[in-house]
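In what follows, a structure is listed as structure tokens, so that the remarks can point back to it.
Residue numbers (our numbering): 8 to 98.
Have a look at this one:
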């Protein structure tokens with residue numbers, strides 16, 4: 008089970024590296040990695056400490072909502088979600 012979760016994590020990491028030019032694919036890869044980490048935490052803390060699982064799940068939801076709002080703002084201001092199309096060092 009642990010090897011399968013680690014394989015899922017590394018698939019998400021490889022997807023993150025290969026799709027680093029599109030913000031939407033970066034966010035999806037990070038969510039895939041977070042979900043595999045949540046499965047690993049669920050596997051280790053099966054029913055003994057559910058509060059850690061809920062705290063981790065809350066942080067995943069907050070990260071996803073901030074990423075989605077960033078994606079909407081970038082699409083509104085720049086017209087697309089490519090990482091190369093905007094410069095973050097503008098004055």
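Heads up, the beta-carbon is just placed ideally off N, CA and C, and yes, glycines get one too. Bear in mind that the values here come from a model prediction, so they are computed numbers and not experimental data.
When the alpha-carbon of residue 48 is set against those of 36, 64, 37 and 38, the nearest one is in 64. For the options 40, 75, 45 and 82, the alpha carbon positioned closest to that of residue 24 is the one of 40.
Here residue 86 is exposed, its C-beta having fewer than 16 other C-beta atoms within 10 Å. Residues 23 of the same chain have their beta carbon placed closer than 7 Å to that of residue 37, with the five preceding and five following residues left out of the count. Between the alpha carbons of residue 42 and residue 18 lies a gap of roughly 12 Å.
Inclusion of residue 20 and residue 90 in the CB contact set at 8 Å is not warranted, their separation being larger than that value. Rounded to the nearest whole angstrom, the CA to CA distance from residue 10 to residue 35 is 22 Å. Taking 8 Å as the cut-off, the beta carbon of residue 32 is found no closer than this to the beta carbon of residue 67. In this structure residue 78 does not touch residue 70 by the C-beta definition: roughly 12 Å separates them, more than the 8 Å allowed.
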